[in-house]
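Undergrad: Handing you a structure now.
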Amino acid sequence: MTKTNDQGRGALDAASERVAEIAALYVRVRDYLQLMLDDIGPPTAATPKPLLNKISELQSVHLKVLAAEEAFYAQQQANQPDVEIDYDALRADIGRQIDRIRTTLEPS
50 MTKTNDQGRG
60 ALDAASERVA
70 EIAALYVRVR
80 DYLQLMLDDI
90 GPPTAATPKP
100 LLNKISELQS
110 VHLKVLAAEE
120 AFYAQQQANQ
130 PDVEIDYDAL
140 RADIGRQIDR
150 IRTTLEPS
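Residue numbering for the sequence shown follows the numbering used here, beginning at 50 and increasing consecutively.
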């Protein structure tokens with residue numbers, strides 16, 4: 050994401066999509082890595098070097114995805130205001146607006 054200051058609905062939707070994408074990627078990499086590790090068992094002297102290199106590469110990717118996920122969540126947290134939403138005030142405001150609409154619709 051390149052737009053970090055846009056707090057509109059589109060930015061929230063894009064952030065949600067990005068979170069889902071990162072989470073899915075993280076799960077796939079983790080599962081694939083675990084499957085490979087279970088398949089080959091503990092490394093021995095007979096374990097082929099290309100296989101060990103690929104597993105090392107996958108572990109690095111896994112850590113990068115985890116770091117990206119943490120950075121993304123930190124960025125989203127920083128962009129969110131620390132203000133609590135006052136739901137009672139919102140309800141009262143909506144109620145007043147509805148009352149105004151009702152009074153305009155009442156026959157005179």
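Note that the Cβ used here is the ideal one computed from N, Cα and C, for glycine as well.
What number of angstroms, rounded off, separates the C-alpha of residue 83 from the C-alpha of residue 76?
TA: As a first step, residue 83 is located in the sequence shown; it is residue number 34 there, counting from the start. As a first step, residue 76 is located in the sequence shown; it is residue number 27 there, counting from the start. Taking the straight line joining both Cα atoms gives about 10 angstroms.
Undergrad: Does the segment 114-126 come close enough to the segment 135-154 to have 3 or more Cβ pairs within less than 8 angstroms?
TA: no
Undergrad: If we ignore side chains and look at the alpha-carbon of each, how far apart do residue 60 and residue 79 end up?
TA: Stepping through the sequence shown from its first residue, residue 60 is reached at position 11. Stepping through the sequence shown from its first residue, residue 79 is reached at position 30. Taking the straight line from one Cα to the other gives about 28 angstroms.
Undergrad: Return the first residue and the last residue of the alpha helix (DSSP H) that residue 152 is part of.
TA: Locating residue 152 in the sequence shown gives position 103, where the first residue counts as 1. Segment 136-154, the alpha helix (DSSP H) holding residue 152.
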